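If you want my numbering, it's the position in the sequence shown, counting the first as 1, plus 1.
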Amino acid sequence: MPGLVAFGRRWGIASDDLVFPGAFELFIRVIWWIGMLVLYVKNKGQFVCTGGGLLHSYLIVLLVLLSVIILALSAIVYISMQGTITNPGPRRSIPALIYVRTFLYVPELFWAVLGAVWVSDNSPGCDKSVVNAVIGAVVVSWIILFFTVVAVLIVFDPLGSKRQGNVDSHGDHDLESSESAQLMYTARSVAARVWESRIKLLCCCIMQEEDNRAAFSSIGQLFSGFFSDTDLVASDIAAGLSLLHQKQDKVEKTRDPEEVVVSPSPVSRTREDLDVELENAAHYMQFAVAAYGWPMFVFSNPLTGACKLSVDCCRSRSPEYDIVGGDHLGCHFTSMLYTTGLQYRDFIYISFHNKIYEIPFFVALDHKKEAVLVVVRGTLSLRDALTDLSADCENVLIEGVSGPCYAHKGIVQAANYIYRKLINDGILNQAFTIAPEYQLVITGHSLGAGTAAVLSILLRSAFPVLKCYAFSPPGGLLSKPLADYSKEFIVSVVVGKDLVPRLSIPNMEDLKRRILRMVANCNKPKYQILLRGCWYEVFGGNPDDFPTELESRNQDDLSLPLLAEQSFLVHSSPSYHSLVSEDSPSCFSEVKYHAVWSSEASFCSILISPKMITDHMPDLVLKALNSLTQDSPFIFCPTPRNNASNLNVI
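Spelled out as structure tokens, the structure:
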């Protein structure tokens, strides 16, 4: 930070990002130079063969060329280690060194070609070890040149020339404000088009339908708007996240243990309520896992899953399997039977149809809980990811709810799709004709949890006693009036420092601001921050004492949830279940959970942890719930706030 400016444009790396790649190439070059020197000294510079003279000259020039390259790389690595992330002054000579190193690729390329020619035309009669050494040198040269081209493509910023021009324009104090605004608008428009092109390239396997094009444009606008006002590169973000994680852990360790609780639960919530809801959550989570089909089943049972499914998947299907749409081999349905313990006749409708805004779901009869279940699958495909990323607001018209009613656009579209299937196609009528006394329960994990929450709001007027269990739902899902309305019938469950339930645009903006403050006020070079951060993430230990902006701030301003390491949270509902784990010194430590009620205030900030992704995985959520309902005693922490019931498993 700022991005490296060279060859008249900005690049996707900073001048202090050359330490590790430079050191790695330097190591390879030194080993290579030593090998060539040993080869030359061993033969005393005399090579008795057809092309001996040419080989002698080749090795002499190669040794000199490698020496110059080693000196250039040493200077690049040393200079790149100087200064701090936001103080690039000591590294001002990096562009010049890069020009020198780039110029050296020309003779290296020529010499690689010359070596290849010698091996093919002049090597007969030479010692085999000498020939092999030259072949090795040629191969190494071409490998390094290939990966250099790949690296350039990776760090190439399509907006580099635009950004540099924009910076230069802002440096002109005489520029009219209208011209400045026009330049900013043009830059953002170009950025949106570039991000849209990137997304289309990534999703080239998806048919270019109208909904897809609208989603690509919306996501492009989202990403361009989020990144346009910063000059951060990827390594700056990694360093900032590492600093922030250690600072958060330091604050938690110095906090009074009695503070590590959530707000007290409503008077209506008792120990018995906690136990019942936890048991229900564990029961319904297995259906949310089952919705992922055979990939999750095999992932959760790596040794036996494929064998169990193979017999049923490969045999000819009986008529009852026709209920499954889009499951040609029956593997999804077979895995669902294994996971849920239901019989095929308990399934009313199953759809694995998958497009943007149209996600798989199934309807089944749960005789154990006397419920008609609507289970929505979470993110499993690229189309699902695009639905996740369509994060604009969309109005949701609900009778009797005052105030602005809007929700996540992609999830609202998905919920409307399932709503139309359930109502217009008579699927729910069919289910309640079979079991009229059963209660409607809607559940799902991740994207499925958000869709289940919105779907339950849409169906609430027709089914007043419905219940929704949302496991690891996405953040930024509902406006406050809708969230308050849903508190009577939605229970959300979140594990630990799960990123997704905290992943809203305001939280991301807050995270960006905190990262900027972190890197701006840290007085250590980036390579030290990254090395220390990697060690801390893998092996644990004490948080580092790198000075940051938090040193001078009151702890009350940290916006950290008053929770321990891991937690299950309930979103947009009166019942929040948080599964929180005890502090674990490293990512190899065994995790123990306990459950407490939590409030939405616990999710107003993103928590950095190596488990922020794994805590979201459906198999881990199910494992944590089962560990509480089967093996572990409950630890009840009464915590009401805003009449919301939140169950945390700690």
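All residues carry an ideal CB built from backbone N, CA and C; glycine is no exception. Here the structure is a predicted model, which means the values were calculated and not measured.
Check: In chain order, which alpha helix (DSSP H) runs of at least 4 residues are fully inside the segment 427-464?
Finding: 428-435, 448-460
Notebook entry, point to check: Would DSSP call Phe348 helix, strand or coil?
Noted result: On the sequence shown, position 347 is the one that residue 348 refers to. Note: Phe348 maps to strand in three-state DSSP.
Check: Quick one: is Arg503 buried, meaning 16 or more other Cβ sit within 10 Å of its Cβ, or exposed?
Finding: Within the sequence shown, the letter at position 502 stands for residue 503. Per the 10 Å Cβ criterion, buried.
Check: Relative to the C-alpha of Asp122, which residue among Asn522, Leu55, Lys498, Leu60 is closest?
Finding: Here residue 122 refers to the residue found at position 121 when the sequence shown is read from its first residue. Checking every option, the nearest Cα to that of Asp122 belongs to Leu55.
Next item on the list: Check each candidate in Gly411, Glu273, Ala289 and name the one with the smallest Cα separation from Val364.
Entry: Locating residue 364 in the sequence shown gives position 363, where the first residue counts as 1. Checking every option, the nearest Cα to that of Val364 belongs to Ala289.
Notebook entry, point to check: What is the C-beta distance between Asp389 and Gly411, in whole angstroms, given that I count them as a contact (C-beta under 8 Å)?
Noted result: On the sequence shown, residue 389 is found 388 positions in, with the first residue counted as 1. On the sequence shown, residue 411 is found 410 positions in, with the first residue counted as 1. At roughly 6 Å, the Cβ-Cβ gap stays under 8 Å, so Asp389 and Gly411 are in contact.
Margin query: Using a 10 Å radius around the Cβ and a threshold of 16 neighbouring Cβ atoms, would you call Tyr79 buried or exposed?
Written below: The count along the sequence shown starts at 1 and reaches residue 79 at position 78. Tyr79 comes out exposed.
Next item on the list: Just the C-alpha distance for Leu244 and Lys481, rounded to the nearest angstrom, thanks.
Entry: In the sequence shown, the residue the question calls residue 244 occupies position 243. In the sequence shown, the residue the question calls residue 481 occupies position 480. Roughly 32 Å between the two C-alpha positions.
Margin query: Can you tell me which residues form a DSSP beta bridge with Lys468?
Written below: For the purposes of this step, residue 468 is taken as the residue at position 467 of the sequence shown. Beta-bridge pairing links Lys468 to Val442.
Next item on the list: Answer yes or no: do Ser447 and Gly379 have a C-beta to C-beta separation smaller than 8 Å?
Entry: Here the question's residue 447 lines up with position 446 in the sequence shown. Here the question's residue 379 lines up with position 378 in the sequence shown. In this structure, Gly379 lies closer than 8 Å to Ser447 by Cβ.
Note to self: Whole angstroms are fine: how far does the CA of Ala484 sit from the CA of Phe490?
What the structure shows: The residue you call residue 490 lines up with position 489 of the sequence shown. The residue you call residue 484 lines up with position 483 of the sequence shown. The alpha-carbon atoms of Phe490 and Ala484 are separated by roughly 11 Å.
Check: For Leu72, is the classification buried or exposed, using 16 other Cβ atoms within 10 angstroms of its Cβ as the cut-off for buried?
Finding: Within the sequence shown, the letter at position 71 stands for residue 72. That one is exposed.
Item checked: C-beta neighbour in chain D for Glu489, strict 8 Å -> Absent from the structure: chain D. Only one protein chain is present.
Checklist line | Counterpart residues of Leu479 in DSSP-defined beta bridges | finding: As a first step, residue 479 is located in the sequence shown; it is residue number 478 there, counting from the start. Answer is Ala408.
Margin query: In whole angstroms, give me the CA-to-CA distance for Leu66 and Trp119.
Written below: Reading the sequence shown from its first residue, position 65 is the one you call residue 66. Reading the sequence shown from its first residue, position 118 is the one you call residue 119. Going from the Cα of Leu66 to the Cα of Trp119 covers about 18 Å.
Next item on the list: Classify Ile14 as helix, strand or coil using the three-state DSSP reduction.
Entry: As a position in the sequence shown, residue 14 is number 13, starting the count at 1. Reduced to three states, the DSSP call for Ile14 is strand.
Check: Taking DSSP as the reference, what is the three-state secondary structure of Phe353?
Finding: Numbered from 1 along the sequence shown, position 352 holds the residue referred to as residue 353. Coil, per DSSP.
Next item on the list: Drop a sphere of 10 angstroms on the beta-carbon of Leu551, count the other beta-carbons inside from all chains shown, and report buried for 16 or more, exposed for fewer.
Entry: As a first step, residue 551 must be located in the sequence shown, where it is residue number 550. Unreliable positioning characterises Leu551 in this predicted model, as indicated by a pLDDT of 43, which lies under 50. The coordinate reading is nonetheless provided below. That one is buried.
Check: Going by the beta-carbon positions, is the gap between Asp499 and Asp313 smaller than 8 Å?
Finding: Counted from its first residue, the sequence shown places residue 499 at position 498. Counted from its first residue, the sequence shown places residue 313 at position 312. Against a cut-off of 8 Å, the Cβ pair of Asp313 and Asp499 comes out as no contact.
Next item on the list: Go through its chain and collect everything with a Cβ distance to Leu343's Cβ below 7 Å, but skip five positions before and after it.
Entry: Here residue 343 refers to the residue found at position 342 when the sequence shown is read from its first residue. Within the same chain, Leu343 has close Cβ partners Ala365.
Next item on the list: Kindly identify the DSSP beta-bridge partner or partners of Ala372.
Entry: The sequence position of residue 372 within the sequence shown is 371, counting from 1. Bridge partners of Ala372: Asp367, Gln440.
Check: With a Cβ-Cβ cutoff of 8 Å, do Val31 and Tyr528 count as a contact?
Finding: Your numbering for residue 31 matches position 30 in the sequence shown. Your numbering for residue 528 matches position 527 in the sequence shown. Contact flag unset, no.
Notebook entry, point to check: My guess is that Thr452 and Ala415 are in contact by the Cβ rule of under 8 Å, so how many angstroms apart are they, rounded?
Noted result: Residue 452 sits at position 451 when you count from the first residue of the sequence shown. Residue 415 sits at position 414 when you count from the first residue of the sequence shown. Right, their Cβ atoms sit about 5 Å apart.
Next item on the list: Decide yes or no for the touch test of the segment 104-113 against the segment 37-50: beta carbon pairs closer than 8 Å, at least 3 of them.
Entry: no
Notebook entry, point to check: Taking the runs of the alpha helix (DSSP H) that are 4 residues or longer, which of them lie wholly in the segment 235-259?
Noted result: 235-255
Note to self: Taking 8 Å as the threshold (C-beta atoms), are Val501 and Gly541 in contact?
What the structure shows: Your numbering for residue 541 matches position 540 in the sequence shown. Your numbering for residue 501 matches position 500 in the sequence shown. Not closer than 8 Å, so no.
Notebook entry, point to check: Which residues does DSSP pair with Phe540 in a beta bridge?
Noted result: Position 539 of the sequence shown, counted from the first residue, corresponds to residue 540. Paired residue(s): none; Phe540 is not in a bridge.
Next item on the list: Pull up the distance between the alpha-carbon of Pro3 and that of Val39, whole angstroms please.
Entry: Here residue 3 refers to the residue found at position 2 when the sequence shown is read from its first residue. Here residue 39 refers to the residue found at position 38 when the sequence shown is read from its first residue. If you take the alpha carbons of Pro3 and Val39, they lie about 43 Å apart.
Check: DSSP puts Gly4 in a beta bridge; with which residues?
Finding: Translated into positions along the sequence shown, residue 4 becomes position 3. In the DSSP output, where bridge partners are listed per residue, Gly4 has Ala15.
Check: Phe353: which of Val494, Arg384, Ile614, Leu626 sits nearest, CA to CA?
Finding: In the sequence shown, counting from the first residue as 1, residue 353 sits at position 352. Looking at the Cα atoms, Arg384 is the closest of the given residues.
Checklist line | CB-CB length for Val520 against Gly241, believed under 8 Å | finding: Here residue 520 is taken as the residue at index 519 of the sequence shown, counted from 1. Here residue 241 is taken as the residue at index 240 of the sequence shown, counted from 1. Correct: roughly 5 Å between the Cβ atoms.
Check: Where Phe147 and Val373 are concerned, what is the direct C-alpha to C-alpha distance, given to the nearest angstrom?
Finding: Reading the sequence shown from its first residue, position 146 is the one you call residue 147. Reading the sequence shown from its first residue, position 372 is the one you call residue 373. Cα-Cα distance, rounded: 58 Å.
Check: Can you give the beta carbon distance from Leu423 to Val496, rounded, assuming they're within the 8 Å contact cut?
Finding: Here residue 423 refers to the residue found at position 422 when the sequence shown is read from its first residue. Here residue 496 refers to the residue found at position 495 when the sequence shown is read from its first residue. Their Cβ separation, rounded to whole angstroms, is 29 Å, which puts Leu423 and Val496 out of contact at 8 Å.
Notebook entry, point to check: With a CB to CB cut of under 7 Å and the five nearest residues on each side skipped, what residues in its chain are close to Leu621?
Noted result: Position 620 of the sequence shown holds residue 621. Contacts found: Val496, Thr615.
Next item on the list: Starting from the Cα of Tyr439, find the closest Cα among Asn88, Pro465, Met82, Ala215 and give me that residue.
Entry: For the purposes of this step, residue 439 is identified with residue 438 of the sequence shown, where counting begins at 1. When each option's Cα is compared against that of Tyr439, the closest is Pro465.
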